[in-house]
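Using UniProt numbering, you'd call the opening residue of the sequence shown number 1 and step up by one each time. The beta-carbon is built from N, C-alpha and C at its ideal position, and this holds for glycine as well. Note that this is a predicted model, so its numbers are computed, not measured.
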Amino acid sequence: MNGRRLLPGLLALCLGALLARTLAGALGVNHLLLAIAFGFVAANAVGIPDFLEPGIETHKLWLGTGIVLMGASISLETVLEVGGVVLLLVVGVTATTLLVVELLARNVFGLTDRMGSLLAAGASICGVSAVVAVAGSIRAHEEQIAYAAATVLLFDAVTIVVYPIIGDLLGLSGMVFGTWAGVSMFSTGPVVAVGFAHSEAAGQWATMTKLSRNALIGVVVLAYASYYARAAGDSRPSVRTLWDEFPKFVLGFLALAVVASAGVLSSAQLASIENAYNWLFVVAFAGLGTEIRLADLRTTGWTPAVVVLIALLASSALSLAALVLLF
1 MNGRRLLPGL LALCLGALLA RTLAGALGVN HLLLAIAFGF VAANAVGIPD FLEPGIETHK
61 LWLGTGIVLM GASISLETVL EVGGVVLLLV VGVTATTLLV VELLARNVFG LTDRMGSLLA
121 AGASICGVSA VVAVAGSIRA HEEQIAYAAA TVLLFDAVTI VVYPIIGDLL GLSGMVFGTW
181 AGVSMFSTGP VVAVGFAHSE AAGQWATMTK LSRNALIGVV VLAYASYYAR AAGDSRPSVR
241 TLWDEFPKFV LGFLALAVVA SAGVLSSAQL ASIENAYNWL FVVAFAGLGT EIRLADLRTT
301 GWTPAVVVLI ALLASSALSL AALVLLF
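Next comes the structure, spelled out in structure tokens:
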């Protein structure tokens with residue numbers, strides 16, 4: 001893409017990030033949440049001009065890059081100490097959420113099979129990204145994709161506000177809060193945002209836990225593709241689907257974590273990397289805020305929202321209870 005097309009939107013993102021970092025202290029709010037708020041207000045009160053859209057859409061790239069760099073700040077020793085328990089919790093909550101949404105959608109609320117599958121993928125794995133990935137493998141209709149994506153975005157917007165409030169009220173530790181957010185919230189951006197809004201430790205655990213969930217997307221896409229292909233009498237998809245859908249930035253995150261844990265990087269280099277990913281996150285979240293469009297959220301039917309709400313309440317309550325008991 002032409003760099004000149006990207007430049008105006010990139011400058012807008014940087015301006016939003018700079019304002020958020022500058023005003024956060026004076027207003028007494030977290031700069032990441034303030035960046036999201038700026039993007040939200042810009043998109044809904046003013047509107048994003050067409051010439052800014054290409055650059056603003058790069059916010060997912062900056063989020064992924066920030067996550068990769070954050071790998072340098074992770075202590076593999078700490079992760080390995082409790083990693084098995086957290087991984088079991090991730091798999092358990094993911095599977096439970098997926099099954100609950102599928103059962104409610106098909107057997108209680110009468111939604112179509114494909115609509116239920118899109119909602120289940122979005123709620124259990126990684127939000128809109130999972131909706132889009134699964135949609136391609138099950139040949140979902142455009143209106144089904146739109147409804148499922150809007151429903152996920154609705155709960156992204158709600159949980160960005162509600163989770164930090166609950167974390168403060170309950171006095172949750174950084175590890176418990178971050179893991180809870182990572183295992184039960186939907187999309188990667190909001191998870192990272194609320195994690196770091198709580199504390200540095202919470203941000204790291206939220207990101208690691210969410211990446212573990214994201215890594216399951218290939219398996220889920222393959223399972224859904226096989227199910228619907230079998231139902232239609234088509235040939236089964238190849239295992240290559242696992243690799244095609246796997247979020248590649250997870251590998252970069254792990255690689256940098258290994259390098260940092262080996263003691264290759266100096267303290268000055270680690271500090272520079274931390275400063276870099278902090279800035280990348282605030283730039284990314286300024287763009288994330290522009291994706292929360294009130295007009296789109298109003299189009300969400302109440303039935304998909306109720307299905308996802310029930311699953312979210314169940315997964316949030318059970319995972320939080322398990323984490324409090326375990327840690």
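- Judged by DSSP secondary structure, residue 210 falls within the alpha helix (DSSP H) whose first and last residues are 200 to 214.
- Restricting attention to alpha helix (DSSP H) runs no shorter than 4 residues, the segment 32 to 105 encloses them at 53 to 56, 59 to 70, 76 to 103, ordered along the chain.
- Inclusion of residue 12 and residue 55 in the CB contact set at 8 Å is warranted, their separation being smaller than that value.
- Under the three-state reduction of DSSP, residue 292 is assigned to coil, being neither helix nor strand.
- Looking at 34, 138, 132, 96, the one whose alpha-carbon comes closest to that of residue 113 is 138.
- Fully contained in the segment 110 to 154 are the following alpha helix (DSSP H) runs of length 4 or more, in chain order: 113 to 121, 128 to 138.
- Inclusion of residue 66 and residue 281 in the CB contact set at 8 Å is warranted, their separation being smaller than that value.
- From the listed residues 201, 91, 207, the smallest Cα separation to residue 190 is found for 207.
- Taking 8 Å as the cut-off, the beta carbon of residue 24 is found no closer than this to the beta carbon of residue 15.
- Sixteen is the threshold: when 16 or more other Cβ atoms of the shown chains lie within 10 Å of the Cβ of residue 214, as they do, the residue is buried.
- Taking C-alpha positions only, residue 100 is separated from residue 74 by approximately 33 Å.
- The beta carbon of residue 316 is closer than 8 Å to those of 180, 184 in its chain, skipping five residues each way along the sequence.
- By the Cβ neighbour-count rule, residue 143 is exposed, with fewer than 16 other Cβ atoms within 10 Å of its own.
- Nearest C-alpha to residue 119 among 92, 153, 86, 321: 153.
- Looking at the backbone, the Cα of residue 303 and that of residue 275 are separated by about 43 Å.
- In the structure shown, residue 192 falls within a helical segment according to DSSP collapsed to helix, strand and coil.
- At a Cβ-Cβ threshold of 8 Å, residue 92 and residue 289 do not count as neighbours.
- Under the three-pair Cβ rule at 8 Å, the segment 123 to 142 does not count as touching the segment 163 to 176.
- In the structure shown, residue 29 falls within a coil segment according to DSSP collapsed to helix, strand and coil.
- Taking the Cα positions, residue 165 is about 23 Å away from residue 125.
- For residue 264, there is no enclosing alpha helix (DSSP H), since its DSSP letter is neither H nor E.
- Residue 327 sits exposed, since fewer than 16 C-beta atoms from the chains shown fall within 10 Å of its C-beta.
- Residue state for residue 301 is assigned as coil, using DSSP reduced to three classes.
- The Cβ atoms of residue 6 and residue 256 lie no closer than 8 Å to each other.
- In this structure, residue 186 sits away from residue 202, with a CB-CB distance that is not shorter than 8 Å.
- Residue 186 carries a coil assignment under DSSP once its states are collapsed to helix, strand and coil.
- Here residue 311 has 97, 100, 101, 123 as same chain residues with Cβ atoms under 6 Å from its own Cβ, once five neighbours each way along the sequence are excluded.
- Here the alpha carbons of residue 249 and residue 19 stand approximately 28 Å from one another.
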